[in-house]
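**Q** Structure below; questions to follow.
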Amino acid sequence: MLLIFLGLWISNAAAAQSRSPFPKKAKRILFLGNSITYAGKYISDIEAYFISHYPKQQYEFVNVGLPSETVSGLSEEDHADGKFPRPDLRERLGRVLALVKPDVVFACYGMNDGIYLPFDESRFQAFRNGINWLHSELVKSGAKRIIHLTPPVHDDKLLGTQGYNLVLDKYSEWLLSQRDSLQWEVADIHTPMTAYLNTQGQTQPGFKLAQDGVHPGELGHWLMAKTTLQYLGEEVGEAPDVLTTLQVHPRGEEIYKLVSKRQAIMKDAWLKATGFKRPGMAPGLPLTEAKQQYIQLEKEIRALLKEKAD
1097 MLLIFLGLWI SNAAAAQSRS PFPKKAKRIL FLGNSITYAG KYISDIEAYF
1147 ISHYPKQQYE FVNVGLPSET VSGLSEEDHA DGKFPRPDLR ERLGRVLALV
1197 KPDVVFACYG MNDGIYLPFD ESRFQAFRNG INWLHSELVK SGAKRIIHLT
1247 PPVHDDKLLG TQGYNLVLDK YSEWLLSQRD SLQWEVADIH TPMTAYLNTQ
1297 GQTQPGFKLA QDGVHPGELG HWLMAKTTLQ YLGEEVGEAP DVLTTLQVHP
1347 RGEEIYKLVS KRQAIMKDAW LKATGFKRPG MAPGLPLTEA KQQYIQLEKE
1397 IRALLKEKAD
């Protein structure tokens, strides 16, 4: 089955190089979100996939996820043991958009916005207000494509997906309803992640996508990436991990390592350059210095890609 799956990728590789799910002349692809986005493995998965499958295209994937952040502006009184309130995206979005100037934006919020409490209409309204504000600001920025991601699954220590995840179910349902009412683009990662967690739990008691219930590991990030790629029209089938999809190129695993290294450097540099109020973050390189490393890593990636062309 795997050989057939890989054969389909390889046979379609030439055609894939000449098309793209992103708008013509799009260059910068921005990811907004909280700690799950900051961790960024799903972004590395997506970027490595596009480099391997669309080698003639050159996109810059920019991660400015900020741990603890919300779009609702809400925070628990004792958040971080009372050291600081949750950051509010409103404080920094203008600076991010002004500096990054994105052509495409992915936004993933919701996990922190219910502040881990049972469903409450006022908190739900704050989330809706925040998402509506965010979408409006992205439209005004001139972004050619805006894609909202529903929040990942939450796995309560005792209640599993029947705890706080029920709040995220409602937040996801509302986001998805905007596809019909406002013609928004919304990629649903929440529903398949919830289904996967429930299904695996039936045969593997104690199965987790996130050991702490919130922050997914490698598999969880791949599920996020895979669902997003499928939304974009990519045929990833039942690939169990990103490396399987990168076998279209003989140096796919090496490409992935370089992409991950570059993402780790650039996310902190972009955060440093755009500014934020949350304490405890890595200092990050000055953006000019980080961009020099970006260019060097790009050369290394392109050299690996050229090997297949030769």
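With the numbering used here as the guide, the letters of the sequence shown map in order to residues 1097 to 1406. The C-beta atom is built at its ideal place from N, Cα and C for all residues, glycine as well.
When burial is assigned at 16 or more other CB atoms within 10 Å of the CB, is residue 1190 buried or exposed?
**A** Looking at its Cβ environment, which holds fewer than 16 other Cβ atoms inside 10 Å, residue 1190 is exposed.
**Q** Would you list the one or two residues that DSSP bridges to residue 1124?
**A** Looking at the DSSP assignment, residue 1124 forms a beta bridge with 1156.
**Q** In angstroms with no decimal places, state the Cα-to-Cα distance between residue 1220 and residue 1119.
**A** When rounded, the distance between both Cα atoms is 33 Å.
**Q** What does the alpha-carbon distance come out to for the pair residue 1349 and residue 1267?
**A** Residue 1349 and residue 1267: Cα-Cα distance of roughly 36 Å.
**Q** With a cut-off of 8 Å on the beta carbons, I'd call residue 1230 and residue 1203 a contact; round off their distance for me.
**A** Right, the Cβ-Cβ distance comes to about 6 Å (below 8 Å), so this counts as a contact.
**Q** Taking only runs of the alpha helix (DSSP H) that begin and end inside the segment 1127 to 1214, which ones reach a length of at least 4 residues, in chain order?
**A** DSSP runs (the alpha helix (DSSP H)) wholly in the segment 1127 to 1214: 1131 to 1135, 1137 to 1149, 1189 to 1196.
**Q** DSSP state of residue 1265, grouped into three classes?
**A** Three-state DSSP puts residue 1265 in a helix.
**Q** At the level of alpha carbons, what is the spacing between residue 1161 and residue 1402?
**A** Rounded to whole angstroms, residue 1161 to residue 1402 spans 32 Å at the Cα level.
**Q** Across which residues does DSSP place residue 1256 in a beta bridge pair?
**A** DSSP lists 1252 as partners of residue 1256.
**Q** Would you mind reading off the limits of the beta strand (DSSP E) that contains residue 1331?
**A** It is not in any beta strand (DSSP E) - residue 1331 carries neither H nor E in the DSSP assignment.
**Q** According to DSSP, is residue 1244 helix, strand or coil?
**A** Strand.
**Q** Would you report the Cα separation of residue 1377 and residue 1290, rounded to the nearest angstrom?
**A** C-alpha separation (whole angstroms): 30 Å.
**Q** Give me the Cα-Cα distance between residue 1184 and residue 1198, rounded to the nearest whole angstrom.
**A** The straight-line gap from Cα to Cα measures roughly 20 Å.
**Q** Can you check whether the CB of residue 1292 is closer than 8 Å to the CB of residue 1319?
**A** Cβ distance < 8 Å, so residue 1319 and residue 1292 count as in contact.
**Q** Do you know how far the Cα of residue 1276 is from the Cα of residue 1397?
**A** Cα to Cα, residue 1397 sits roughly 40 Å from residue 1276.
**Q** Under 8 Å by Cβ, that's how I've got residue 1207 and residue 1310 pegged, so tell me the actual separation to the nearest angstrom.
**A** Going by Cβ atoms, the distance from residue 1207 to residue 1310 rounds to 7 Å, so yes, they are a contact pair.
**Q** Is the number of C-beta pairs between the segment 1134 to 1150 and the segment 1316 to 1330 that are closer than 8 Å three or more?
**A** Yes: at least three Cβ pairs fall under 8 Å.
**Q** Tell me, please, whether the segment 1148 to 1159 touches the segment 1127 to 1135 by the rule of three or more beta-carbon pairs shorter than 8 Å.
**A** These segments touch.
**Q** Leaving out five residues on either side along the sequence, give the residues of the same chain with a beta carbon under 6 Å from the beta carbon of residue 1296.
**A** Contacts found: 1303.
**Q** Going by CA-CA distance only, name the one from 1389, 1367, 1380, 1400 that's closest to residue 1188.
**A** Closest option to residue 1188, Cα to Cα, is 1367.
**Q** Would you tell me roughly how many angstroms separate the C-alpha atoms of residue 1316 and residue 1340, rounded to the nearest one?
**A** Approximately 16 Å, taken between the alpha carbons.
**Q** Using DSSP with H/G/I as helix, E/B as strand and the rest coil, what is residue 1310?
**A** Residue 1310: coil per DSSP, three-state reduction.
**Q** Could you pull the start and end residues of the beta strand (DSSP E) that residue 1282 belongs to?
**A** Residue 1282 -> beta strand (DSSP E) spans 1281 to 1283.
**Q** Distance, Cα to Cα, residue 1181 vs residue 1374?
**A** Using only the alpha carbons, I get a separation of about 8 Å.
**Q** Classify residue 1235: buried if its beta carbon has 16 or more other beta carbons within 10 angstroms, exposed otherwise.
**A** So residue 1235 ends up on the exposed side.
**Q** Among residues of its own chain, excluding the 5 on either side of residue 1400, which ones have a beta-carbon nearer than 7 Å to its beta-carbon?
**A** Contacts found: 1347, 1350, 1351.
**Q** With residue 1365 and residue 1342 assumed to form a contact (beta carbons below 8 Å), what rounded beta-carbon distance in angstroms separates them?
**A** Between residue 1342 and residue 1365 the Cβ distance is about 25 Å, and since that is not below 8 Å, they are no contact.
**Q** So for residue 1394, helix, strand or coil by DSSP?
**A** The answer is helix: DSSP assigns residue 1394 an H, G or I state.
**Q** Excluding five sequence neighbours on each side, which residues of the same chain lie with their C-beta closer than 6 Å to the C-beta of residue 1042?
**A** Since the first residue shown for the chain is 1097 and the last is 1406, residue 1042 is missing from the structure and cannot be characterised.
**Q** Span of the alpha helix (DSSP H) holding residue 1298?
**A** From DSSP, the alpha helix (DSSP H) with residue 1298 extends over 1286 to 1299.
**Q** Mind checking which residues open and close the alpha helix (DSSP H) that includes residue 1378?
**A** Residue 1378 -> no alpha helix (DSSP H), and no H or E assigned at all.
**Q** With distance defined between alpha-carbon atoms, name the residue in 1308, 1256, 1270, 1272 nearest to residue 1298.
**A** Closest option to residue 1298, Cα to Cα, is 1256.
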